Amino acid sequence: MSSDNLAHHQSTINHVLNTDTFSCVWCGLTVSAQAPDGTRRNHCPSCLHSKHVMDQNEGGPSACGSKMSPIAIAVLRTGDWMIIHRCVRCDELTSNPVSTDDNQLILMRMAVRPLAQPPFPLEAFGTL
27 MSSDNLAHHQ STINHVLNTD TFSCVWCGLT VSAQAPDGTR RNHCPSCLHS KHVMDQNEGG
87 PSACGSKMSP IAIAVLRTGD WMIIHRCVRC DELTSNPVST DDNQLILMRM AVRPLAQPPF
147 PLEAFGTL
């Protein structure tokens, strides 16, 4: 087998086996970089934290490399949910699709937080 064919064969094996993993910067869990639906994942399904590896403004790799904390949920017009992350070092915001195996309790906590903790006193509704 030629070196080109061997490289292609190895690439195919790696794609099928998908041994690409990363360690969560927050909880230390070893995470598969492939989500159950086959898309690439960049956050931990257990704690939803991520690492700042992409620069959203310039579109390339980020030199920051700090932790990204999940802070909110956004819902697209299609109904798909996105996790909003904020970098703990540079405050850059990113959005990432929710995966089917993401921690549902944390997702729901983030989704209802604005209703549970509004920026005004709930007693104001009594006078309307």
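Every letter in the sequence shown is one number past the one before it in the working numbering, and letter 6, counting from 1, is 32. Yeah, the Cβ is synthetic: ideal placement off N, Cα and C, and Gly gets one too. All values derive from a computational prediction rather than experimental measurement.
In chain order, what residues of the same chain lie with their CB nearer than 7 Å to the CB of residue i, ignoring the 5 residues before and after it?
i       : result
Ala-100 : Met-108, Ile-110 and Ser-121
Cys-90  : His-78, Cys-113, Arg-115 and Cys-116
Asp-19  : Shown here, the chain extends from 27 to 154; a query on residue 19 therefore has no answer.
Ala-137 : Ile-99
Ser-95  : His-75, His-111, Arg-112 and Val-114
Ser-37  : Residue placement at Ser-37 is flagged as unreliable, the pLDDT there being 46, under the threshold of 50; the coordinate-derived value follows with that caveat. Nothing listed; no residue qualifies.
Assuming residue i is part of the alpha helix (DSSP H), what are its boundary residues?
i       : result
Ala-142 : 130-142
Report all residues from its chain with a CB closer than 6 Å to the CB of residue i; omit the five preceding and five following residues, and keep chain order.
i       : result
His-35  : Note that His-35 scores 44 on pLDDT, short of 50, meaning its location in the model is unreliable and no value can be drawn from it.
Asp-81  : Ser-88
Asp-128 : Pro-71
On the DSSP letters alone, give me the boundaries of the beta strand (DSSP E) that residue i sits inside.
i      : result
Ser-88 : Element bounds for Ser-88: n/a, residue is neither H nor E.
Looking only at its chain, what residues have a beta carbon closer than 8 Å to the beta carbon of residue i, apart from the 5 residues adjacent to it on each side?
i       : result
Asp-63  : Ser-125 and Thr-126
Gln-60  : Asn-44, Asp-46, Arg-66 and Arg-67
Ile-132 : Cys-73, Leu-74 and Pro-96
Ser-58  : Asn-44, Asp-46, Thr-47 and Arg-67
Helix, strand or coil for residue i? Go by DSSP, reduced to three states.
i       : result
Ala-150 : helix
Pro-145 : coil
Arg-115 : coil
Trp-52  : coil
Ser-76  : strand
Is there a Cβ of chain B sitting closer than 8 Å to that of residue i, yes or no?
i      : result
Gln-60 : In summary, chain B is missing from the structure at hand, where a single protein chain is found.
Please find out if some non-hydrogen atom of the ligand COA comes closer than 7 Å to the beta-carbon of residue i.
i       : result
Ala-137 : Ligands in the displayed structure: none, and consequently the ligand COA is not present.
Exercise for the section: Determine contact between the stretch 71-83 and the stretch 49-60, defined as no fewer than three beta-carbon pairs at a distance below 8 Å. Expected result: yes
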